[in-house]
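These notes are about the structure you will find just below.
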Amino acid sequence: MATLKPFLDLRVQRKKDELYPLKISVSATRSIVFQIPVKIYLAPENWNSQTCRIVKHKSKRLFNMALQEQLLSLEKKLTVLEVSGQLANMSTREVKQYLVASQTVSCSARGDLIDYYEQYIDRIANASTRGTHEHTLKKILAYDKGKLSFRDVDKAWLLGFERFLFSQHLDAKGRAIPGVRRLTPNGVNLHLRNLRTLFNDAVTYGVAEANWYPFKKFEMPSEEPVKLALPVKDLRIIRDFPAEEFCQRYLDVFMLSFYLIGINIGDLLLLRPTDMVGGRIEFSRQKTKKRYSIKVEPEAQEIINRWRGKKYLLCFMDERADYRSFLKMMNKHLKEFGRVEVDKARWGKKTKTGLYPFLRSYYARDTWATLASVLDVPEDTIAAALGHGKKNVTKSYISFNMKKVDIANRMVLDFVASNLSEDEIFEIKAAQMYRNLSFSKKYASLNESYMAMPMPMYGVGNM
Numbered sequence: 001m002a003t004l005k006p007f008l009d010l011r012v013q014r015k016k017d018e019l020y021p022l023k024i025s026v027s028a029t030r031s032i033v034f035q036i037p038v039k040i041y042l043a044p045e046n047w048n049s050q051t052c053r054i055v056k057h058k059s060k061r062l063f064n065m066a067l068q069e070q071l072l073s074l075e076k077k078l079t080v081l082e083v084s085g086q087l088a089n090m091s092t093r094e095v096k097q098y099l100v101a102s103q104t105v106s107c108s109a110r111g112d113l114i115d116y117y118e119q120y121i122d123r124i125a126n127a128s129t130r131g132t133h134e135h136t137l138k139k140i141l142a143y144d145k146g147k148l149s150f151r152d153v154d155k156a157w158l159l160g161f162e163r164f165l166f167s168q169h170l171d172a173k174g175r176a177i178p179g180v181r182r183l184t185p186n187g188v189n190l191h192l193r194n195l196r197t198l199f200n201d202a203v204t205y206g207v208a209e210a211n212w213y214p215f216k217k218f219e220m221p222s223e224e225p226v227k228l229a230l231p232v233k234d235l236r237i238i239r240d241f242p243a244e245e246f247c248q249r250y251l252d253v254f255m256l257s258f259y260l261i262g263i264n265i266g267d268l269l270l271l272r273p274t275d276m277v278g279g280r281i282e283f284s285r286q287k288t289k290k291r292y293s294i295k296v297e298p299e300a301q302e303i304i305n306r307w308r309g310k311k312y313l314l315c316f317m318d319e320r321a322d323y324r325s326f327l328k329m330m331n332k333h334l335k336e337f338g339r340v341e342v343d344k345a346r347w348g349k350k351t352k353t354g355l356y357p358f359l360r361s362y363y364a365r366d367t368w369a370t371l372a373s374v375l376d377v378p379e380d381t382i383a384a385a386l387g388h389g390k391k392n393v394t395k396s397y398i399s400f401n402m403k404k405v406d407i408a409n410r411m412v413l414d415f416v417a418s419n420l421s422e423d424e425i426f427e428i429k430a431a432q433m434y435r436n437l438s439f440s441k442k443y444a445s446l447n448e449s450y451m452a453m454p455m456p457m458y459g460v461g462n463m
């Protein structure tokens, strides 16, 4: 029997008013347990945990009515799932999505795209993913200012929206608007994919009809992504650059990301000390929830020791609530670090000339993959290292891949530690291939001569 219980979550405090979120704990089965936010925020003194009611609040009557309505709605939905037998075949994620979406549909106009999109965004847990969908919603509102329903979004609407996205940086006369960035085909593709994801969700939960779906014959724009890799000599310059301490931390984090096979900066900064086990970093990717295991090589360990934190593995998040503020400063300093000139005539004003004004945090990942390719690391090993493998592989296969990934990472780090360039690596490989080829030809020649020799006939008379 499913149980529902509202509670005030004292683990999470909203910063702007120091209130806590009210949530409903759902126990659908022994294994399916999760929480649903009620979108009501209270101080501890406004919640009675014994009676599960809001007290001493100016809107207590309204809030209690809304809470009871939500509890009744959830109970009804869970009962339907239990009686129909569907609950036994559903995962925790599927049950939660069904309940949240059911509530969303009940309080929104059926088919209203904007209203549904706003509520869909509220259900997204990952901050980065939520941000991209919020950006897409702004683009939709800028393009179509009328009341938009899912039925209105057909192929013609999508083509118009696509043209709008490609031309939004231009004014009516076709001139570039200052401060408005031109979207690439992949940028346009992202917004269209976000809209497609919303449509799929709406069809799944009955907000949109399946025959309204406009993406079956619509071709998404795309282009081959630009490779964002540094030559090994530039990576060595970053590693050895004598930066001031406030800038050194950002260069160190960049190099640490590289040493850990291009780990995402958000995932890196959110690592806890307990995520480091037996000389390996074991963690789940924030975006995909996929498990990773990366061996900590001495180069990485040195940087970790230098910036070790208390609450987090690295100290940068000990006093921060959001890693994105650090990432923003990191990208700023990555493109600015380099030569500094001091103008004494202007009271010591510093002028910075960045060595790599294009550099961003994500270059570490592409650089690792490119250098691994230079060393002839197999593509499937590089894919496994970057987490591009399929999720449904067996544990033994993952373990086998990880051993190869560990060796590949050590090869890449040894290459960076050496004084060899990419061209010299290619020359060494070419010479090695030539030697192998020469040996093969010589062996083939000897084998051919051997096969041509007359063989003695062993019979009774020869014995």
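Residues in the sequence shown are numbered from 1 upward in steps of one, following the working numbering.
Built from N, CA and C at the ideal position, the CB exists for glycine as well.
query: Is there a Cβ from chain D that is less than 8 Å from the Cβ of L22?
result: Of the protein chains in this structure there is only one, and it is not chain D.
- prompt: Out of curiosity, what's the CA-to-CA distance linking T132 and K145?
  reply: Answer to the nearest angstrom: the Cα atoms are 20 Å apart.
message: Let me confirm a value: T353 is counted as buried when at least 16 other C-beta atoms fall within 10 Å, else exposed. Which label applies?
response: Residue environment for T353: exposed (fewer than 16 other C-beta atoms within 10 angstroms of its C-beta).
query: Starting from I114 and walking both ways along the alpha helix (DSSP H), at which residues does that stretch end?
result: From DSSP, the alpha helix (DSSP H) with I114 extends over 113-122.
message: Tell me which residues share the same chain as E244 and place their Cβ nearer than 8 Å to its Cβ, disregarding the 5 neighbours each side in the sequence.
response: Excluding its 5 nearest sequence neighbours in each direction, E244 has no C-beta neighbour in its own chain below 8 Å.
- prompt: Any idea if P378 is buried or exposed, counting beta-carbon neighbours within 10 angstroms, 16 or more meaning buried?
  reply: Per the 10 Å Cβ criterion, exposed.
task: Taking L4 and E75 to be in contact with their CB atoms under 8 Å, please state how far apart those CB atoms are, rounded to whole angstroms.
output: The pair is a contact, with the Cβ atoms about 6 Å apart (cut-off 8 Å).
task: Count the other C-beta atoms from every protein chain shown that fall within 10 angstroms of the C-beta of S361, then say buried if there are 16 or more, exposed otherwise.
output: S361 comes out buried.
query: Mind checking M65: buried by the 16 CB within 10 Å criterion, or exposed?
result: By the 16-neighbour rule on beta-carbons within 10 angstroms, M65 is exposed.
message: For a test of the three-state rule: what should DSSP assign to S27, helix, strand or coil?
response: Note: S27 maps to strand in three-state DSSP.
query: Helix or strand or just coil, what does DSSP make of T288?
result: Collapsing the DSSP output to three states places T288 in coil.
task: Measure from the alpha carbon of S465 to the alpha carbon of each residue in G279, I40, D376, then state which is nearest.
output: For residue 465 there is no data in the structure shown, the boundaries of the chain being 1 and 463.
message: To the nearest angstrom, how far is the alpha carbon of D267 from that of Y312?
response: When rounded, the separation of the alpha-carbon atoms in D267 and Y312 is 11 Å.
message: So, with DSSP's three-state summary, where would you put A109?
response: Bear in mind that a pLDDT of 43 at A109, under 50, signals an unreliable position, so the number given afterwards is only what the model happens to contain. Reduced to three states, the DSSP call for A109 is coil.
query: Which of the three DSSP states, helix, strand or coil, is assigned to R61?
result: Note: R61 maps to helix in three-state DSSP.
query: DSSP beta-bridge partners for Y20?
result: L42.
field: K5, enclosing beta strand (DSSP E) - first and last residue
entry: Here the beta strand (DSSP E) through K5 covers 3-8.
query: Buried or exposed: which applies to M255, given that a residue is buried once 16 or more other Cβ atoms fall within 10 Å of its Cβ?
result: M255 sits buried, since 16 or more C-beta atoms from the chains shown fall within 10 Å of its C-beta.
query: Short check: CB of I281 to CB of L327, under 8 Å?
result: The criterion of a C-beta distance shorter than 8 Å is not satisfied by I281 and L327.
message: Taking the beta carbon of G262 as the centre, do at least 16 other beta carbons fall within 10 Å, making it buried, or is it exposed?
response: G262 counts as buried, since no fewer than 16 other beta carbons sit within 10 angstroms of its beta carbon.
query: In chain order, which continuous runs of the alpha helix (DSSP H) of length 4 or greater are located wholly inside the region 258-310?
result: Counting only runs that start and end inside the region 258-310, the alpha helix (DSSP H) elements of at least 4 residues fall at 265-269, 298-306.
field: Runs of alpha helix (DSSP H) lying entirely within the region 357-383, each at least 4 residues, in chain order
entry: Within the region 357-383, the complete alpha helix (DSSP H) runs of at least 4 residues are 363-374.
query: Three-state secondary structure (DSSP) at L81?
result: Correct three-state label for L81: helix.
query: Identify the residues that DSSP records as bridge partners of S149: which are they?
result: For S149, which the question treats as bridged, DSSP gives the partners D112.
- prompt: Within this structure, are the beta carbons of T367 and L235 separated by less than 8 Å?
  reply: Yes; because the gap between Cβ atoms is below 8 Å, this pair is in contact.
- prompt: Can you tell me whether DSSP reads P221 as helix, strand or coil?
  reply: In this structure, DSSP gives P221 a state outside helix and strand, which the three-state scheme calls coil.
- prompt: Considering only the beta carbon of each residue, do A369 and I382 sit closer than 8 Å?
  reply: With contacts defined by Cβ atoms closer than 8 Å, A369 and I382 form a contacting pair.
- request: List the DSSP bridge partners of V340.
  value: Answer is K352, bridged to V340.
- prompt: What first and last residue would you give for the alpha helix (DSSP H) that runs through E162?
  reply: Boundaries of the alpha helix (DSSP H) harbouring E162: 155-167, taken from the DSSP string.
message: Quick check: the Cα distance between T137 and L192, rounded to an integer number of angstroms?
response: Sequence inspection shows Leu at residue 137; the Thr mentioned does not correspond to that position. Going by the C-alpha atoms only, they are around 11 Å apart.
message: Relative to the C-alpha of K289, which candidate in V38, R93, N46, K23 has its C-alpha closest?
response: It is R93.
task: State the Cα-Cα distance for the pair N392 and N48, rounded to the nearest angstrom.
output: Reliability of the predicted coordinates at N392 is poor, the pLDDT of 46 falling under 50, and the value obtained from them is presented with this limitation in mind. Their Cα atoms are separated by approximately 45 Å.
task: Determine the burial state of L170: buried for a count of at least 16 other Cβ atoms within 10 Å of its Cβ, exposed for fewer.
output: Flag for L170 reads exposed.
- prompt: Hey, quick one: how far does the alpha helix (DSSP H) through K138 stretch, first residue to last?
  reply: Start and end: 127-143.
message: Given this structure, state the Cα-to-Cα distance separating Q248 from F283, to the nearest angstrom.
response: When the Cα atoms are used, Q248 and F283 turn out to be separated by approximately 26 Å.
query: In three-state terms, what does DSSP make of Q70?
result: When secondary structure is reduced to three states using DSSP, Q70 falls in the helix class.
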